[in-house]
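Asks:
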Amino acid sequence: MGLFDKLLDGLGVDSQTVGKFVDGLVDSAKEQNAKRESERAYSASVEPASGDSWGEVMPQEENQYNYNGTYIQYFENIFDNEFSDYEYEKEEIAGTLRTVYSFYSGGRKELVLELMNERSSAKKIRNEAEREGIPYLRFYYDHDGWWNTRSYVVRRMREALS
């Protein structure tokens, strides 16, 4: 009987039970490692295509993070250049990290757009727009992996305004 067997015998445990336990741990570790490798390989193969606004890799397309300015300036640049037919009013919601834009055409409100923090669950502006029958959009400016690419913002706004 070896030293290891004597120790186990002193604890009232047989070496076969310990062997099975260790084999189980090794198998579990191998499974976890294989799963991690599979996830890494999948993540590396999924590059967001131009126009997609989410993913682990920042798209080459202009987005709020590679724009030379703040996220407010980024969105307003899109509003000014892509939606120049509309006038808009900007409202900073006091005590919050939210900015609301109301877009008008011919004096009629056509769209309500809210830029907000991902931790905000406010629904007041959205509910008001819904009651008034006005399209509503929300963009989170700080959600990890959400890039708000130019084409994504423009596409959503055009869809809401059509």
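Numbering-wise (the numbering used here), the sequence shown opens with residue 24 and increments by one.
Yeah, the Cβ is synthetic: ideal placement off N, Cα and C, and Gly gets one too.
None of these values were measured; they are calculated from a predicted model.
Excluding sequence positions up to five away, which residues of its chain have a Cβ less than 8 angstroms from the Cβ of residue 133?
Replies: Your numbering for residue 133 matches position 110 in the sequence shown. Correct list, in chain order: 109, 126, 127, 157, 158 and 184.
Asks: Tell me the rounded alpha-carbon separation between residue 175 and residue 79.
Replies: Here residue 175 corresponds to residue number 152 of the sequence shown, with the count starting at 1. Here residue 79 corresponds to residue number 56 of the sequence shown, with the count starting at 1. Those two C-alpha atoms are separated by around 16 angstroms.
Asks: Just the Cα atoms here: how many angstroms apart are residue 105 and residue 177?
Replies: In the sequence shown, counting from the first residue as 1, residue 105 sits at position 82. In the sequence shown, counting from the first residue as 1, residue 177 sits at position 154. For residue 105 and residue 177, the distance between alpha carbons rounds to 7 angstroms.
Asks: Suppose contacts are defined by Cβ-Cβ distances below 9 angstroms. Is residue 95 in contact with residue 122 by that definition?
Replies: One-based indexing of the sequence shown puts residue 95 at position 72. One-based indexing of the sequence shown puts residue 122 at position 99. Contact flag set, yes.
Asks: If distances are taken between C-alpha atoms only, which option among 135, 92 and 97 comes closest to residue 111?
Replies: The residue labelled residue 111 in the question sits at position 88 within the sequence shown. The shortest C-alpha separation from residue 111 is found at 135.
Asks: I'd like the span of the beta strand (DSSP E) that includes residue 120, first residue to last.
Replies: The count along the sequence shown starts at 1 and reaches residue 120 at position 97. Careful: residue 120 lies outside any beta strand (DSSP E) and carries neither H nor E.
Asks: Whose CA, out of 97, 137, 143 and 141, lies closest to the CA of residue 151?
Replies: One-based indexing of the sequence shown puts residue 151 at position 128. Selected option, being the one with the closest Cα: 137.
Asks: Excluding sequence positions up to five away, which residues of its chain have a Cβ less than 7 angstroms from the Cβ of residue 141?
Replies: Position 118 of the sequence shown holds residue 141. These residues qualify, in order along the chain: 163, 165 and 166.
Asks: Quick one: what's got a C-beta closer than 6 angstroms to residue 114's C-beta in the same chain, skipping five residues either side?
Replies: Residue 114 sits at position 91 when you count from the first residue of the sequence shown. Once the five neighbours on either side are set aside, the close Cβ partners of residue 114 are 123.
Asks: To the nearest angstrom, how far is the alpha carbon of residue 97 from that of residue 103?
Replies: Working through the sequence shown from its first residue, we reach residue 97 at position 74. Working through the sequence shown from its first residue, we reach residue 103 at position 80. C-alpha separation (whole angstroms): 10 angstroms.
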